[in-house]
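Step one of this worksheet: look at the structure below.
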Amino acid sequence: MNKYSAVKALISAIVIAITVLLFGHIGNQNNILNEVILVAFIFVECLVVDKAVDVLNRK
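Quick look at the structure:
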């Protein structure tokens, strides 16, 4: 377990929480498309965080 694992988990949790809060207002309409966009957005954010942590680990 590297030293950035906890940081990665924390950032991911915060980012997902903010995303869910932002999309929560839209999500009240129960639109399937909004759910798909939300999941895709979270997936992309996790990939970005992974890449950033990899770069930090290389230093």
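If you use my numbering, the sequence shown closes out at 61, no skipped numbers anywhere.
Positions of the beta carbon are idealized from the N, C-alpha and C atoms, including for glycine.
Proximity winner among the options, relative to residue i (alpha-carbon distances)
i, options, result
"Leu24", "Ile13, Ser7, Phe43, Ala11", "Phe43"
"Val17", "Asn59, Leu58, Val50", "Val50"
Residue i versus residue j - alpha carbon distance
i, j, result
"Leu58", "Leu35", "35 Å"
"Ile20", "Ala11", "14 Å"
"Val9", "Asp52", "11 Å"
"Ala15", "Leu40", "14 Å"
"Val22", "Cys48", "14 Å"
Cβ separation of residue i and residue j, assumed to be a contact under 8 Å, to the nearest whole Å
i, j, result
"Val46", "Tyr6", "About 19 Å separates the two Cβ atoms, so there is no contact after all."
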